[in-house]
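A.B. asks: Please read through the structure below; I'll follow up with questions.
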Amino acid sequence: MSDLSHHPCQVLLADQILSTKFVIPAATAHMLARPRLLQPGQAPRAVLVCAPAGYGKTTLAASWAAASSTPVAWLSLDAGDNDPLRFLVHFIRAIQGQCAEFGKVLADMCALVPPPPIDALMRPLINQLCALPERLCIILDDLQLVSEPAVHEAIAFLVDHQPAQLQLIFVSRSEPPFSLARLRGQGQIVEYRSEDLRFSLEEAEAFCNEVMQLSLPHEQVSTLAERTEGWIVGLQLAAVSLSHHPDKAGFVRNFAGDNRHVTDFLVDEVLHGHADDIQNFLLQTSVLERFNAALCDAVTGRDDSRALISEIERANMFIFGLDEQRLWYRYHHLFGALLQSRLRVAAPDSVGLLHRRASQWFSENGLITEAVHHALAARDHEWAADLMEKHHSELFSHGRMSSALAWSRQLPETVLAQRPLLSMVCAWGYLYRDDMAELERHLCLVDKCLARFHDAPFGGKERTMLGQLALLRGCQSAYEGNIDEGLVHLDQAQASLAPARTLYRAAAVARGVFYFVSGRLDEAQRLLENNVLVREATHNVQVPITAAVTLARSHLLRGRPLAAKQIYDKTIQALLVCGWQDLPACGMLHIGLGEVAYEMNELVLAEQHLARGVEMTAAGMQYVNAWGRVLLAKTRKELGAAVEACDPQFEVLLPRYAGRLVVEVAPLSAVIAGYWLSLGQMDAVQLWSEAARLPLEEALAPGREAEYLVLARFFILAERHSQALDLLERLWYPALQDRRLAVMTEILVLKAICLQKDGRSDEAMTVLQQGVSLAENTHLLRVFINEGDALSGMLKKLARGADYKSYVHTLLGHMGADVTQESTQAFDRLPQLFSKKEKLVVSHIARGATNHEIAESLFISLNTLNSHVKKIYVKLGVNSRLQAAERLRQLGLSESPQVRIGGQ
0 MSDLSHHPCQ VLLADQILST KFVIPAATAH MLARPRLLQP GQAPRAVLVC APAGYGKTTL
60 AASWAAASST PVAWLSLDAG DNDPLRFLVH FIRAIQGQCA EFGKVLADMC ALVPPPPIDA
120 LMRPLINQLC ALPERLCIIL DDLQLVSEPA VHEAIAFLVD HQPAQLQLIF VSRSEPPFSL
180 ARLRGQGQIV EYRSEDLRFS LEEAEAFCNE VMQLSLPHEQ VSTLAERTEG WIVGLQLAAV
240 SLSHHPDKAG FVRNFAGDNR HVTDFLVDEV LHGHADDIQN FLLQTSVLER FNAALCDAVT
300 GRDDSRALIS EIERANMFIF GLDEQRLWYR YHHLFGALLQ SRLRVAAPDS VGLLHRRASQ
360 WFSENGLITE AVHHALAARD HEWAADLMEK HHSELFSHGR MSSALAWSRQ LPETVLAQRP
420 LLSMVCAWGY LYRDDMAELE RHLCLVDKCL ARFHDAPFGG KERTMLGQLA LLRGCQSAYE
480 GNIDEGLVHL DQAQASLAPA RTLYRAAAVA RGVFYFVSGR LDEAQRLLEN NVLVREATHN
540 VQVPITAAVT LARSHLLRGR PLAAKQIYDK TIQALLVCGW QDLPACGMLH IGLGEVAYEM
600 NELVLAEQHL ARGVEMTAAG MQYVNAWGRV LLAKTRKELG AAVEACDPQF EVLLPRYAGR
660 LVVEVAPLSA VIAGYWLSLG QMDAVQLWSE AARLPLEEAL APGREAEYLV LARFFILAER
720 HSQALDLLER LWYPALQDRR LAVMTEILVL KAICLQKDGR SDEAMTVLQQ GVSLAENTHL
780 LRVFINEGDA LSGMLKKLAR GADYKSYVHT LLGHMGADVT QESTQAFDRL PQLFSKKEKL
840 VVSHIARGAT NHEIAESLFI SLNTLNSHVK KIYVKLGVNS RLQAAERLRQ LGLSESPQVR
900 IGGQ
């Protein structure tokens, strides 16, 4: 929730996009044509080039790209792409080189706060790839440098859902960490391994004598090829050494093919053949992952780096140009690593100085990621912290949170202790990740730094930081279940924050959530309604989404599911306009819609929304995802699907989240325990009740009403009726005071069942009648349906009473109760159940007439008729003409069980 001032696009252009990563390496004068390795005529869906370092993988892929008639997008991966969103931004930018308009909205979404997990963006990415106007080849070079599982999963998703017009080429030193078995089984992948890539004797001879012009006899080439085992870099190193060696035959004769020693030997030979200036330049610049002349001048203290780079390039010293202008370069990874090793031996004291100079240059040129990387490599923690604090907005907020937190862990605590802003930003990161130990550590550091500024004037930097600290403390208290303490912190936060800033709005939404879980719905709704507009969000859409979910659930508790649905729909539409509809946080809205549909017994719709929400929140939103998964399991159970085993992780989540109802507003503990109860797992619920530690002897714990209702159900099933009735009585008055109709209805339903089981039938019927009257206009059905047989008999009895309400029949219809025995009273109740016009329509439906026939007979339009039919379906508790006919047959109102459904 940090208050950001940079526009996302500006940050991406300034630092995150590295244009040199998308340039296909240009052919050099020392490149050997290898026609045997050209791609097959029938281009496969995927190509894997996998071999150890130095086998010419990148060169081969670049030659394919140069000869391809299909547009090629190139992406050179590096360690920075272990940050998932940084990888995705680079992936999109590579494609934009061939299709300029591709993925612009997705790239902007990566700049939001909190940053969305890459998993949530893959489906829209696939959809946009499907819409590409022509076939496209994407080459991912140096895949082995990416070790982040989230990136691996994203690439695997891309492979599994690969559009037909897309070809993927992976270039890697190691086996990809995702499965390619399906492509192999379908014959849709071509693979090149080290045995395919190594130089044949003919290629070795052509390289030595045609490319390097060494004029070696066949026997000497054969010796080199044998001892290098066709290893291209080994042969290349040997050839470069030979070009400066006076005794070529002696060199070849003494050349050792032992791979444990050959590399050091060859590097020594290569370096020995050049002037000290060249050797020193190679060693000093080896600390750079990429370099240009100006950077090399700054690092080495020279002013002739351009000339030296040109000389090294001409000598084919394992240097690669990264752009067409020949401005940026890198060393071959193996060669660079060997140079670094030699530098650490030859001049260990210079390594830190070289990294510090590099960091300074990158900082001055606005390349902050690399600046921090080199500062940490130099162990200059003060400078690294300065950079991170100064540029915290882009480093922590735009797709690089994981990297930034990893950097912060390399800083000594004494350094962090002097930088409250940096510690504060780290604290937000750990709050998003639910790491309470690290959150507390960083907040303590901030506390110490700001201790002397508690009287700072309003509007100043220190006062704003105190407000942000108080907001963090409020969220921390809420996560620990202490709402009252959280509200005190929010008072302090809002007293120190400017009302127009994002942090102030975040504090207001947090207060609304606190009020919501405390049962102060009127106050909560006023705050949430003022902060629910998506268009007012800049970077942090979590604020309005959290407001929308809490506001909608407030309406649901008050028995207004249609109002809740309207809020969810309106928020999703606003996000759609902004292009943010696929953010993980939006999954909260779909889960909320699923909950509403479930409570209204629209189970098919509920399943659709819940499945979507679960998929969207799968990465990085553990609490909300678990809530959605349990609701989905409940819904599928009611739809008749086989009961799925609960994830064992739920047992871990229960004690962890019991009472933690703030920020994530779903009462997960109650939802899981209620699901176990519906499956008859009484032992599991007994363990849950012990772990939840719900106080019963004294005042009930605020914000834990949903858990208490589950506990009341448990008492009823365990035949502990007096305890259940006492608990329900204590829950009633707080619900009544705030007019939470959904809760009041549930209390009355449970009380009626408990009284019935206790042998107090008359009292039970009176209470149930109150519950039916209360719920009649709420559209909430599952609160009755979920009780099944325990309630259906009582409802049938209620239907025969003098105070019969049509809603009772609607409930029985949705419960699928057999009411045939009540058919003799059906005709008498028909005028009460339906209006005069609806009664005429029902009579035609009972005869099997189609809608067209009914409309013509009654002289009304089809639209008017459809309106009547929908109301009749609701009153019958059905969803189709066939179900309506069957229900009328059960009531004894249908002339024949044969009903024509054609034309409806």
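Start counting the sequence shown at 0; every next residue gets the next number (numbering that gives the first Met the number 0).
Here a beta-carbon is modelled for each residue, glycine too, at the ideal position from N, C-alpha and C.
All of these numbers come straight from a predicted model, not from anything done at the bench.
Report all residues from its chain with a CB closer than 7 angstroms to the CB of PHE361; omit the five preceding and five following residues, and keep chain order.
C.D. replies: Counting from 1 along the sequence shown, the entry for residue 361 is found at position 362. Counting only Cβ-Cβ distances below 7 angstroms, and skipping sequence neighbours, we find GLU369, ALA370, HIS373.
A.B. asks: Take SER553 as the anchor and find which of ALA93, PHE177, LEU527, ASP140 has the nearest alpha-carbon.
C.D. replies: As a working note, residue 553 is residue 554 in the sequence shown. Cα-wise, what sits closest to SER553 is LEU527.
A.B. asks: By how many angstroms is the C-alpha of ALA248 removed from the C-alpha of VAL232?
C.D. replies: Here residue 232 refers to the residue found at position 233 of the sequence shown. Here residue 248 refers to the residue found at position 249 of the sequence shown. VAL232 and ALA248: Cα-Cα distance of roughly 20 angstroms.
A.B. asks: Excluding the 5 residues preceding and the 5 following PHE198 in the sequence, name in chain order all residues of the same chain whose CB lies nearer than 7 angstroms to its CB.
C.D. replies: Locating residue 198 in the sequence shown gives position 199, counting from the first residue. For PHE198, where only same-chain residues beyond five positions count, the Cβ hits under 7 angstroms are PHE206, ALA224, GLY229, ILE231, LEU234.
A.B. asks: Would you report the Cα separation of SER214 and ALA377, rounded to the nearest angstrom?
C.D. replies: As a working note, residue 214 is residue 215 in the sequence shown. As a working note, residue 377 is residue 378 in the sequence shown. In a straight line, the C-alpha of SER214 is about 46 angstroms away from that of ALA377.
A.B. asks: Suppose the cutoff is 8 angstroms on Cβ atoms and the five residues either side in sequence are ignored; what does the same chain contact list for GLN580 look like?
C.D. replies: In the sequence shown, the residue the question calls residue 580 occupies position 581. Closer than 8 angstroms at Cβ, skipping near neighbours: ILE571, LEU574.
A.B. asks: Over the uninterrupted alpha helix (DSSP H) stretch that includes SER924, give me the two end residues.
C.D. replies: There is no way to answer for residue 924, as the model of the chain reaches only from 0 to 903.
A.B. asks: May I have a chain-ordered list of the beta strand (DSSP E) segments no shorter than 3 residues that lie completely inside the stretch 64 to 148?
C.D. replies: Runs found: 71 to 75, 135 to 140.
A.B. asks: Take every Cβ of the stretch 274 to 290, pair it with every Cβ of the stretch 339 to 354, and state whether three or more of those distances are shorter than 8 angstroms.
C.D. replies: Flag = yes, the stretch 274 to 290 and the stretch 339 to 354 touch.
A.B. asks: Within the continuous beta strand (DSSP E) that includes ARG329, where are the two ends?
C.D. replies: The count along the sequence shown starts at 1 and reaches residue 329 at position 330. Unbroken beta strand (DSSP E) run through ARG329: 328 to 330.
A.B. asks: In this structure, how does DSSP classify ILE590 when only helix, strand and coil are distinguished?
C.D. replies: Locating residue 590 in the sequence shown gives position 591, counting from the first residue. Here ILE590 sits in helix by DSSP.
A.B. asks: Pairing CB atoms from the stretch 506 to 513 with CB atoms from the stretch 488 to 496, are three or more of them under 8 angstroms?
C.D. replies: Short answer: they touch.
A.B. asks: Tell me the rounded alpha-carbon separation between VAL877 and GLY480.
C.D. replies: For the purposes of this step, residue 877 is taken as residue 878 along the sequence shown, with counting starting at 1. For the purposes of this step, residue 480 is taken as residue 481 along the sequence shown, with counting starting at 1. Each residue's alpha carbon lies about 42 angstroms from the other.
A.B. asks: When the distance is taken between beta carbons, is ILE117 closer than 9 angstroms to GLY102?
C.D. replies: Position 103 of the sequence shown holds residue 102. Position 118 of the sequence shown holds residue 117. Contact: no.
A.B. asks: Using alpha carbons as the reference points, say which of LEU881, PHE833, VAL873, LYS874 lies closest to THR849.
C.D. replies: The residue labelled residue 849 in the question sits at position 850 within the sequence shown. Of LEU881, PHE833, VAL873, LYS874, the residue nearest in Cα terms is LEU881.
A.B. asks: Give every residue of the same chain whose Cβ lies closer than 7 angstroms to the Cβ of VAL548, excluding the five residues on either side of it in the sequence, and list them in chain order.
C.D. replies: What you label residue 548 is simply residue 549 of the sequence shown in a count that begins at 1. MET587, LEU588, GLY591, VAL664.
A.B. asks: Answer yes or no: do ALA599 and LEU780 have a C-beta to C-beta separation smaller than 9 angstroms?
C.D. replies: Your numbering for residue 599 matches position 600 in the sequence shown. Your numbering for residue 780 matches position 781 in the sequence shown. Residue identity check: residue 599 is Met in the sequence provided, not Ala. Taking 9 angstroms as the Cβ cut-off, MET599 and LEU780 qualify as a contacting pair.
A.B. asks: Among ASN81, MET121, ILE138, which residue has its Cα nearest to the Cα of GLY96?
C.D. replies: Sequence index remark: in the sequence shown, residue 96 carries index 97 (1-based). The residue with the shortest Cα to Cα distance from GLY96 is ILE138.
A.B. asks: With a threshold of 8 angstroms, establish whether the CB of GLY485 neighbours any heavy atom of the ligand HEM.
C.D. replies: By its list of ligands, the structure shown contains no ligand whatsoever, and the ligand HEM lies outside what it can speak to.
A.B. asks: So what does VAL48 bridge to, in DSSP terms?
C.D. replies: Within the sequence shown, numbered from 1, the residue matching residue 48 stands at position 49. BP columns for VAL48 point to VAL170, TYR191.
A.B. asks: Determine which residues share a DSSP beta bridge with ILE277 and list them.
C.D. replies: Here residue 277 refers to the residue found at position 278 when the sequence shown is read from its first residue. Beta-bridge pairing links ILE277 to no other residue.
A.B. asks: For the putative contact between TYR593 and GLY612, defined by C-beta atoms under 8 angstroms, what is the C-beta separation to the nearest angstrom?
C.D. replies: Reading the sequence shown from its first residue, position 594 is the one you call residue 593. Reading the sequence shown from its first residue, position 613 is the one you call residue 612. The sequence shown places Gly at residue 593, not Tyr. Indeed they touch by this definition, with Cβ atoms about 6 angstroms apart.
A.B. asks: Using 10 angstroms around the beta-carbon of LEU558, count the other beta-carbons present and answer buried if the total reaches 16, otherwise exposed.
C.D. replies: Working through the sequence shown from its first residue, we reach residue 558 at position 559. Rather than Leu, the amino acid found at residue 558 in this sequence is Gly. Buried, since its Cβ has 16 or more Cβ neighbours within 10 Å.
A.B. asks: When DSSP labels each residue in this structure, what does ILE784 get in the three-state scheme?
C.D. replies: Position 785 of the sequence shown holds residue 784. Three-state result, ILE784: helix.
A.B. asks: Helix or strand or just coil, what does DSSP make of ILE23?
C.D. replies: The sequence position of residue 23 within the sequence shown is 24, counting from 1. If DSSP states are grouped into helix, strand and coil, ILE23 belongs with coil.
A.B. asks: Between the alpha carbons of LYS874 and LEU887, how many angstroms are there, rounded?
C.D. replies: As a position in the sequence shown, residue 874 is number 875, starting the count at 1. As a position in the sequence shown, residue 887 is number 888, starting the count at 1. Approximately 12 angstroms, taken between the alpha carbons.
A.B. asks: Three-state secondary structure (DSSP) at LEU660?
C.D. replies: Residue numbering aside, residue 660 sits at position 661 when the sequence shown is read from its first letter. Unreliable placement is indicated for LEU660, whose pLDDT of 47 sits below 50; the coordinate value is still reported in the next sentence. DSSP places LEU660 in coil when its eight states are reduced to three.
A.B. asks: Run through the DSSP bridge pairs and tell me what PHE319 is partnered with.
C.D. replies: In the sequence shown, residue 319 corresponds to position 320, counting from 1. DSSP lists ARG329 as partners of PHE319.
A.B. asks: Which residues does DSSP pair with PHE290 in a beta bridge?
C.D. replies: Within the sequence shown, numbered from 1, the residue matching residue 290 stands at position 291. Partner(s): TYR328.
A.B. asks: So, using beta-carbon positions, are VAL771 and TYR732 closer together than 9 angstroms?
C.D. replies: By 1-based counting over the sequence shown, the position of residue 771 is 772. By 1-based counting over the sequence shown, the position of residue 732 is 733. Taking 9 angstroms as the Cβ cut-off, VAL771 and TYR732 do not qualify as a contacting pair.
A.B. asks: Determine whether the beta carbon atoms of LEU326 and ASN364 lie at a separation below 9 angstroms.
C.D. replies: Counting from one through the sequence shown, the residue named residue 326 turns up at place 327. Counting from one through the sequence shown, the residue named residue 364 turns up at place 365. For LEU326 and ASN364, no; Cβs fall outside 9 angstroms.
A.B. asks: Look at the Cβ atom of MET464, then the Cβ atom of PRO419, and state whether they are nearer than 9 angstroms.
C.D. replies: For this step, residue 464 is matched to residue 465 along the sequence shown. For this step, residue 419 is matched to residue 420 along the sequence shown. Contact: yes.
A.B. asks: For ARG356, name the three-state secondary structure that DSSP assigns.
C.D. replies: Locating residue 356 in the sequence shown gives position 357, counting from the first residue. Reduced to three states, the DSSP call for ARG356 is helix.
A.B. asks: Give me the Cβ distance between VAL48 and ALA60, rounded to the nearest whole Å; I'm assuming they're in contact under 8 angstroms.
C.D. replies: Counted from its first residue, the sequence shown places residue 48 at position 49. Counted from its first residue, the sequence shown places residue 60 at position 61. About 6 angstroms separates the two Cβ atoms, so the contact holds.
A.B. asks: For LYS56, which option in MET681, GLN409, GLU194 has the closest C-alpha, if you only look at C-alpha atoms?
C.D. replies: Residue 56 sits at position 57 when you count from the first residue of the sequence shown. Residue GLU194 is the option with its Cα nearest to LYS56.
A.B. asks: Answer yes or no: do LEU438 and ASP737 have a C-beta to C-beta separation smaller than 9 angstroms?
C.D. replies: Here the question's residue 438 lines up with position 439 in the sequence shown. Here the question's residue 737 lines up with position 738 in the sequence shown. Going by C-beta atoms, LEU438 is not nearer than 9 angstroms to ASP737.
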